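Residue numbers (the numbering used here): 1172 to 1274. C-beta atoms are modelled at their ideal positions from N, C-alpha and C, and glycine is treated no differently. What you are looking at is a predicted structure, and each value in this text was computed from that prediction instead of being measured. What follows is a short report on a single structure.
Below is the structure:
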């Protein structure tokens, strides 16, 4: 959620405080669909690059909790991976942008 200060900084085109983003890049999703996704998974370092498989992090959660967990992680990331999926349009791309994350 954006604070009043965040909103004013956006209006003034001020740079965001970098300490607000704990991660350099994140991705949550199936990493077995393509070679590019498997390559993405190999970048996971557990510190500033987080590539999480859904069943590792949210296996027992309902869909609304999964979405909330994804949005929180994306909001804490400077970049978010949005590799190609099954369709030409990437819903993940839009989700990342709505979190203020660079796709």
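Taking Cβ positions, are residue i and residue j nearer each other than 8 Å?
i: residue 1193; j: residue 1247; result: yes
With DSSP as the reference, identify every bridge partner of residue i, one or two as the case may be.
i: residue 1148; result: Past the boundaries of the shown model lies residue 1148; the chain is included only from 1172 to 1274, so the question cannot be answered.
i: residue 1250; result: 1196 and 1273
In angstroms, rounded to a whole number, what distance separates the CA positions of residue i and residue j?
i: residue 1206; j: residue 1187; result: 34 Å
i: residue 1185; j: residue 1249; result: 16 Å
i: residue 1213; j: residue 1253; result: 15 Å
i: residue 1201; j: residue 1208; result: 8 Å
If we count the other Cβ atoms within 10 Å of its Cβ and call it buried at 16 or more, is residue i buried or exposed?
i: residue 1273; result: exposed
i: residue 1176; result: exposed
i: residue 1221; result: buried
i: residue 1182; result: exposed
Quick check on the DSSP output: the alpha helix (DSSP H) that includes residue i runs from which residue to which?
i: residue 1180; result: 1175-1182
i: residue 1259; result: Taken as a continuous stretch (DSSP letters only), residue 1259 belongs to no alpha helix (DSSP H), as it is neither H nor E.
i: residue 1211; result: 1206-1213
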